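Written out below as structure tokens is the structure these notes cover.
Structural data, given as structure tokens:
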């Protein structure tokens, strides 16, 4: 893919993931504050190349992302990716199940923190309670 195609794919994928829902600054803005060129390279790699691959669906990628971020207890990034998962059509009940599955690998504190973060996102989106 040429540079213009990657830039276009980056914009399209970023819009799908982060174009609606909660309002928070994406990590890109932090990267850009330190190094604009490197921020653009990161963005094009992550969003333009990796997230646009078709081996996994965008929903599967987001479910994997929220599972890994929850296990790492990276709550700011988790909040961003929970929102993105919902934006691309991930089922909230499946996200909940992913967080409960985390008990085996990350322990109950990770489960509790992930569910708390998930609830915050749902409340901010006006989608709480789930039932």
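In the numbering used here, the protein residues as written are 4 to 134.
Virtual Cβ for every residue (Gly too), placed ideally from N, Cα, C.
Since we're looking at a predicted model, the values are computed, not measured.
Determine the closest residue to residue 86 out of 77, 61, 128, 113, with distance taken between C-alpha atoms. The sequence position of residue 86 within the chain shown is 83, counting from 1. The option with the nearest alpha carbon to residue 86 is 128.
Between the C-alpha atoms of residue 39 and residue 46, what's the straight-line distance to the nearest angstrom? One-based indexing of the chain shown puts residue 39 at position 36. One-based indexing of the chain shown puts residue 46 at position 43. One C-alpha to the other measures close to 10 Å.
Quick one: give me the first and last residue of the alpha helix (DSSP H) that residue 120 is part of. Counting from 1 along the chain shown, the entry for residue 120 is found at position 117. That run of the alpha helix (DSSP H) goes 111-127.
Please report how far the alpha carbon of residue 77 lies from the alpha carbon of residue 4, in whole angstroms. For the purposes of this step, residue 77 is taken as residue 74 along the chain shown, with counting starting at 1. For the purposes of this step, residue 4 is taken as residue 1 along the chain shown, with counting starting at 1. It is roughly 32 Å from the alpha-carbon of residue 77 to the alpha-carbon of residue 4.
Other residues of its chain near residue 27: CB distance less than 7 Å, five sequence neighbours each side excluded: Here the question's residue 27 lines up with position 24 in the chain shown. Take residue 27, set aside five residues on each side of it, and the residues of its chain with a beta-carbon closer than 7 Å to its own are 82, 83, in chain order.
What does the Cβ neighbour count give for residue 92, buried or exposed, with the cut at 16 atoms within 10 Å? Start at 1 with the first residue of the chain shown, and residue 92 comes out as number 89. An exposed status is given to residue 92, since fewer than 16 other beta-carbon atoms sit within 10 Å of its beta-carbon.
Using the Cβ count rule (16 or more neighbours within 10 Å means buried), how would you classify residue 6? The residue you call residue 6 lines up with position 3 of the chain shown. Exposed, by the Cβ-count rule.
Report yes if the C-beta distance between residue 124 and residue 89 is below 9 Å; otherwise report no. Counting from 1 along the chain shown, the entry for residue 124 is found at position 121. Counting from 1 along the chain shown, the entry for residue 89 is found at position 86. Contact: yes.
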